[in-house]
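Data first, discussion second: the structure below is written as structure tokens.
Chains as they are written, first to last, in our numbering: chain A, 1 to 111; chain B, 112 to 225.
Here it is as structure tokens:
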């Protein structure tokens, strides 16, 4: 089955700096890569996703890049703000089959 | 539009007791998932439904866990009997169709087995 690895497990950044989280996946058939943000006591919420026919996608301060050859994808958050502090999960799916999640990255934005 | 609704939010039970979780997905979503999230880890799939059919239950511990999705809408996940290792957050999610479309998660049920 699909195996998704995520790094780093924790990330502390100064407010205004950028944060980068990296994930690798094992199944070359994976074609959907969402990123979820989970705040304390809440369920994960989708923040951005990318499909295998696209190399990069941006939404305001958030961007995701995908390298299909290397089987890795990354989340970039620019101009970080205190409200960006949360746990972020990457995930991968081959389409209709299950979504496999990484172990998560705890991001702390220092004021 | 209401999101995915789960109940209860919290449950504390003694080991060997039964417990049930309920989920109401977003209206019109064909796919429903139950995930288990252990502390400090990502969600792990327990079972996935397409309408009322369980299409992926390979990770469900069938000796003690059961699930149903009657009429392809609401779903119930049951554990009987519960063990200490079952303590976790149980998340329900739904998507329009399959794992290639956005999955919307409920707030989860935090289960503590003592």
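Cβ coordinates follow ideal geometry from the N, Cα and C atoms, glycine included.
The three-state secondary structure of residue 82 of chain A, taken from DSSP, is helix. Taking a contact to require three or more Cβ pairs closer than 8 Å, the segment 209-218 of chain B and the segment 135-148 of chain B qualify as touching. Using a Cβ-Cβ cut-off of 8 Å, residue 159 of chain B counts as an interface residue toward chain A, since at least one Cβ of chain A sits closer than that to its own. Across the set B:162, B:116, B:223, the C-alpha of B:162 shows the shortest separation from the C-alpha of residue 184 of chain B. For residue 4 of chain A, the enclosing beta strand (DSSP E) begins and ends at 4-7. Not one beta carbon of chain A lies nearer than 8 Å to the beta carbon of residue 222 of chain B. Residue 63 of chain A has A:58, A:76 as its beta-bridge partners, per DSSP. Contact residues of the segment 140-171 of chain B toward chain A are 142, 144, 146, 148, 151, 152, 153, 154, 155, 156, 159, 161, 166, 167, 169, 170 (C-beta to C-beta distance below 9 Å). Listed in chain order, the positions of the segment 190-213 of chain B with a beta carbon within less than 7 Å of a beta carbon of chain A are 202, 209, 210, 211, 213. Using a Cβ-Cβ cut-off of 8 Å, residue 45 of chain A counts as an interface residue toward chain B, since at least one Cβ of chain B sits closer than that to its own. Out of B:180, B:155, B:176, B:219, the CA that lies nearest to the CA of residue 164 of chain B is found in B:180.
Counting only the Cα atoms, residue 67 of chain A lies some 32 Å from residue 201 of chain B. In this structure, residue 125 of chain B lies near residue 225 of chain B, with their beta-carbon atoms less than 8 Å apart. Here residue 143 of chain B carries a strand assignment [DSSP, helix/strand/coil]. The segment 5-15 of chain A and the segment 59-66 of chain A do not touch, with fewer than three beta-carbon pairs separated by less than 8 Å. Contacts between residue 103 of chain A and chain B, judged by CB atoms closer than 7 Å, involve 152, 153 in chain order. A straight-line Cα-Cα distance of about 31 Å links residue 72 of chain A and residue 172 of chain B. Closer than 8 Å to the CB of residue 49 of chain A there is at least one CB belonging to chain B. Note that the C-beta distance between residue 75 of chain A and residue 21 of chain A is below 8 Å. Unbroken beta strand (DSSP E) stretches of 3 residues or longer found wholly inside the segment 121-209 of chain B: 121-124, 130-135, 142-148, 155-161, 164-167, 176-179, 186-190, 199-206, given in chain order.
Contact between residue 176 of chain B and residue 157 of chain B holds, since their C-beta atoms are separated by about 7 Å, short of 8 Å.
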